[in-house]
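Note sheet for the following structure.
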Amino acid sequence: QQQVKQSPQSLIVQKGGISIINCAYENTAFDYFPWYQQFPGKGPALLIAIRPDVSEKKEGRFTISFNKSAKQFSLHIMDSQPGDSATYFCAASMVDSSYKLIFGSGTRLLVRP
Amino acid sequence: DVKVTQSSRYLVKRTGEKVFLECVQDMDHENMFWYRQDPGLGLRLIYFSYDVKMKEKGDIPEGYSVSREKKERFSLILESASTNQTSMYLCASLGRRAQYFGPGTRLTVL
Chain A
68 QQQVKQSPQS
78 LIVQKGGISI
88 INCAYENTAF
98 DYFPWYQQFP
108 GKGPALLIAI
118 RPDVSEKKEG
128 RFTISFNKSA
138 KQFSLHIMDS
148 QPGDSATYFC
158 AASMVDSSYK
168 LIFGSGTRLL
178 VRP
Chain B
10 DVKVTQSSRY
20 LVKRTGEKVF
30 LECVQDMDHE
40 NMFWYRQDPG
50 LGLRLIYFSY
60 DVKMKEKGDI
70 PEGYSVSREK
80 KERFSLILES
90 ASTNQTSMYL
100 CASLGRRAQY
110 FGPGTRLTVL
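Listed in order, the protein sequences are those of chains A and B. Whatever position you read off the first sequence (first residue = 1), add 67 for the numbering used here. Whatever position you read off the second sequence (first residue = 1), add 9 for the numbering used here.
As structure tokens, this is what we get:
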């Protein structure tokens, strides 16, 4: 119930392509869904986040699509660049659990030049 | 911008030593968190604190303790370091709903 399942584990995309990472959850009490980007040797950095009352949120080349009925959300990186090569984590939290984040297992993205 | 700093980027300690990892945030946030990150296991919550002197166990608290004497500072303590505590340790601070992470401390226990 508390898990967030993330796929794929790794992803290779050509420069200019679209990177898509998917996450699924079970607990309908989750009400906040952030995505984090982590470069090697660094801490995760908040990339973009969404609440379940909207179906899509876009910030620059990064878009979250949210499907409440399917309990799924995904990150789309448009026009992927080699500088986007990093590990991406989805997460979920809810007010009742002291805002603790439940993280997905991570996706290692490699964008080839 | 939220700033979360951690006292050391790299640390090497010996088995049995007492280890202190410090985290400081500059945004007057109430909630702070300690995670460890290991390959294949993702980020796992060790402890969190929702106010000064208040703490709660996360998913893997065994072998660790924490201290929160001031709002901006949250310390993770390894009472007697063991080799299986070799890991990347990440501190985070909660602002509104988002958690903001520090750069991490890579701890090696020999």
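We treat Cβ as the ideally placed atom computed from N, Cα and C, and that holds for glycine. No experiment lies behind these values; they were computed from the predicted model shown.
### Task
List the residues of chain B whose Cβ lies closer than 9 Å to the Cβ of A/A91, in chain order.
Chain B residues near A/A91: none, gap ~15 Å exceeds 9 Å.
### Query
Is the region 85 to 105 of chain B in contact with the region 88 to 97 of chain A, if contact means three or more CB pairs nearer than 8 Å?
no
### Extent of the continuous beta strand (DSSP E) run through A/F129
129 to 134
### Query
First and last residue of the beta strand (DSSP E) that includes A/T174?
174 to 179
### Query
Taking 8 Å as the CB-CB cut-off, is B/F83 touching chain A?
no
### Task
Using three-state DSSP, classify B/Q15 as helix, strand or coil.
strand
### Query
Counting pairs of beta carbons, one from the region 149 to 169 of chain A and one from the region 70 to 78 of chain B, are three or more of them closer than 8 Å?
no
### Task
Closer than 7 Å by beta-carbon distance: list the chain A residues that pair up with B/P70, in chain order.
Under the 7 Å cutoff, chain A gives no residues; its nearest Cβ is about 13 Å from B/P70.
### Query
Which partner residues of B/R53 appear in the DSSP bridge assignment?
B/R45
### Query
Excluding five sequence neighbours on each side, which residues of the same chain lie with their C-beta closer than 8 Å to the C-beta of B/R53?
Y44, R45, Q46, D47, G67, D68, I69
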